[in-house]
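In this note's numbering, the protein residues as written are 174 to 231.
Using N, Cα and C, we set each Cβ at its ideal position, and we do this for glycine too.
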Amino acid sequence: MGRSQAQFAELIGISTRTLQGWEAERREPDGPARVLLLIAKYQPKAISKAFDMAREAG
(Lines of atoms letter the chains of each structure in order from A and count residues from 1; the text may use other names and numbers.)
(Lines give C-alpha, C1' and ligand atoms only; values in the text may rest on other atoms or scores of the structure.)
Protein backbone atom coordinates (compact mmCIF):
# COMPACT_ATOMS: atom_id res chain seq x y z
CA MET A 1 0.00 0.00 0.00
CA GLY A 2 2.92 2.31 0.47
CA ARG A 3 1.59 3.88 3.66
CA SER A 4 3.20 4.18 7.06
CA GLN A 5 1.91 2.39 10.14
CA ALA A 6 0.94 5.75 11.60
CA GLN A 7 -1.06 6.71 8.50
CA PHE A 8 -2.89 3.39 8.38
CA ALA A 9 -3.60 3.43 12.12
CA GLU A 10 -5.00 6.95 11.88
CA LEU A 11 -7.22 6.00 8.94
CA ILE A 12 -8.84 3.13 10.83
CA GLY A 13 -8.98 4.96 14.15
CA ILE A 14 -6.53 2.97 16.25
CA SER A 15 -3.20 3.71 17.88
CA THR A 16 0.05 2.88 16.13
CA ARG A 17 0.89 0.70 19.13
CA THR A 18 -2.26 -1.39 18.58
CA LEU A 19 -1.36 -1.87 14.92
CA GLN A 20 2.17 -2.90 15.87
CA GLY A 21 0.72 -5.43 18.31
CA TRP A 22 -1.36 -6.94 15.53
CA GLU A 23 1.63 -7.13 13.21
CA ALA A 24 3.77 -8.77 15.89
CA GLU A 25 0.91 -11.20 16.66
CA ARG A 26 0.81 -10.10 20.31
CA ARG A 27 -2.82 -9.11 19.80
CA GLU A 28 -5.53 -10.12 17.39
CA PRO A 29 -7.97 -7.68 15.81
CA ASP A 30 -11.67 -8.40 16.10
CA GLY A 31 -14.94 -7.26 14.62
CA PRO A 32 -14.79 -4.44 12.07
CA ALA A 33 -11.00 -4.15 12.38
CA ARG A 34 -10.58 -7.77 11.29
CA VAL A 35 -12.81 -7.19 8.26
CA LEU A 36 -10.95 -4.02 7.32
CA LEU A 37 -7.61 -5.81 7.52
CA LEU A 38 -8.90 -8.57 5.26
CA ILE A 39 -9.96 -5.93 2.75
CA ALA A 40 -6.51 -4.35 3.00
CA LYS A 41 -4.90 -7.72 2.38
CA TYR A 42 -7.00 -8.77 -0.60
CA GLN A 43 -8.12 -5.41 -2.04
CA PRO A 44 -5.29 -2.95 -1.31
CA LYS A 45 -6.54 -0.53 -3.98
CA ALA A 46 -9.75 -0.06 -1.98
CA ILE A 47 -7.71 0.96 1.06
CA SER A 48 -5.57 3.31 -1.03
CA LYS A 49 -8.73 4.95 -2.34
CA ALA A 50 -9.99 5.37 1.23
CA PHE A 51 -6.69 7.05 2.17
CA ASP A 52 -7.06 9.45 -0.74
CA MET A 53 -10.68 10.24 0.12
CA ALA A 54 -9.82 10.84 3.78
CA ARG A 55 -6.95 13.14 2.84
CA GLU A 56 -9.15 15.14 0.45
CA ALA A 57 -11.86 15.48 3.09
CA GLY A 58 -9.29 17.03 5.40
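Nearest-angstrom Cα separation, counted from residue j out to residue i
i, j, result
"Ala197", "Lys218", "24 Å"
"Lys126", "Ser221", "With the chain running from 174 to 231 in the structure shown, residue 126 is simply not present."
"Phe181", "Arg200", "17 Å"
For residue i, the first and last residue of its enclosing alpha helix (DSSP H)
i, result
"Arg207", "Gly204 to Tyr215"
"Glu196", "Thr189 to Glu196"
"Glu183", "Gln178 to Ile185"
Per-residue burial, residue i [other beta carbons within 10 Å of its own, 16 or more giving buried]
i, result
"Leu192", "buried"
"Leu209", "buried"
8 Å CB neighbourhood of residue i in its chain, flanking five on each side removed
i, result
"Ile187", "Ala206"
Cβ neighbours of residue i in the same chain (closer than 6 Å, five flanking residues each side left out)
i, result
"Trp195", "Pro202"
Spatial neighbours of residue i in its chain, beta-carbon cut-off 7 Å, leaving aside the 5 residues before and after
i, result
"Ile185", "Ala206 and Leu209"
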